[in-house]
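Participant: Submitted below is the structure of interest, expressed as structure tokens.
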């Protein structure tokens with residue numbers, strides 16, 4: 723996987739700004755586009771490769787065109803951190819009974835309003851740097867998020883996309899699925915598939931097998 727990712731970023735460097743940012747986004751959001759994850763955080767650097775500038779020029783329109791939304795969680799002189807999300811899928815994660823009870827218990831609105839929850843997340847992100855409940859927005863299992871927050875005495879069974887404290891077998895399957903989606907997205911970009919075609923492909927292929 724590491725070799726594929728390295729090859730991907732070498733390929734991206736040869737592209738014009740529009741192709742670079744679109745394919746950069748598709749790769750980093752591939753699991754969200756496919757539908758297995760409600761959202762992802764993306765960091766845009768303002769340094770020599772100026773991913774942020776490419777985002778401002780071309781990326782925002784691309785995200786809108788493929789049916790996703792975003793908020794800026796934090797921005798400084800060096801970078802911007804975005805949460806890019808599928809609104810309908812994110813709502814289905816946040817407003818399950820367990821997630822809703824947990825989030826309202828730490829100050830989120832009793833109204834099941836996505837914009838309110840995103841605004842609260844952004845507020846808490848600025849206060850706490852990276853609030854633990856971000857994991858719920860990212861689609862991580864709530865029991866693992868809770869155990870991580872409590873600095874539990876439970877043994878961490880695995881560390882990958884998140885720290886796993888419960889149901890290892892299920893987490894392994896999810897991690898493998900995520901890896902497969904990202905690897906196939908990277909390979910498609912390396913082989914020259916256009917960004918919009920890859921979005922279509924990600925939405926159509928069944929990765930559950």
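Numbering (my numbering), first residue to last: 723 to 931.
Ideal Cβ positions, reconstructed from N, Cα and C, are used throughout, including at glycine.
Remember, it's a predicted structure, so these values are computed and weren't measured experimentally.
(1) Give the straight-line distance between the Cα atoms of residue 826 and residue 832, rounded to the nearest whole angstrom.
(2) On the CB-based measure, 16 or more other CB atoms within 10 Å of its CB, does residue 866 come out buried or exposed?
(3) Quick check on the DSSP output: the alpha helix (DSSP H) that includes residue 856 runs from which residue to which?
(4) Per DSSP, what kind of secondary structure is residue 726 in: helix, strand or coil?
(5) Since residue 792 sits in a beta bridge, which residues does DSSP pair it with?
(6) Just tell me which of 885, 925, 889 and 788 has its CA closest to the CA of residue 903.
(7) May I ask you to verify whether the segment 737 to 757 touches the segment 771 to 782, counting CB pairs closer than 8 Å and requiring at least 3?
(8) Could you please give the first and the last residue of the uninterrupted alpha helix (DSSP H) stretch that includes residue 747?
Facilitator: On the basis of the coordinates in this document:
(1) To locate residue 826, count along the chain shown from 1; it is residue 104. To locate residue 832, count along the chain shown from 1; it is residue 110. For residue 826 and residue 832, the distance between alpha carbons rounds to 6 Å.
(2) Taking the chain shown and counting its residues from 1, one reaches residue 866 at position 144. Burial call: buried.
(3) Reading the chain shown from its first residue, position 134 is the one you call residue 856. Counting along the chain, the alpha helix (DSSP H) containing residue 856 begins and ends at 856 to 859.
(4) Residue mapping note: residue 726 aligns to position 4 of the chain shown, counting from 1. Of the three classes helix, strand and coil, the one that applies to residue 726 here is helix, per DSSP.
(5) For the purposes of this step, residue 792 is taken as residue 70 along the chain shown, with counting starting at 1. In DSSP, residue 792 forms a bridge with 806.
(6) Taking the first residue of the chain shown as 1, we reach residue 903 at position 181. Here the closest residue by C-alpha is 925.
(7) yes
(8) Indexing the chain shown from 1 puts residue 747 at position 25. From DSSP, the alpha helix (DSSP H) with residue 747 extends over 739 to 750.
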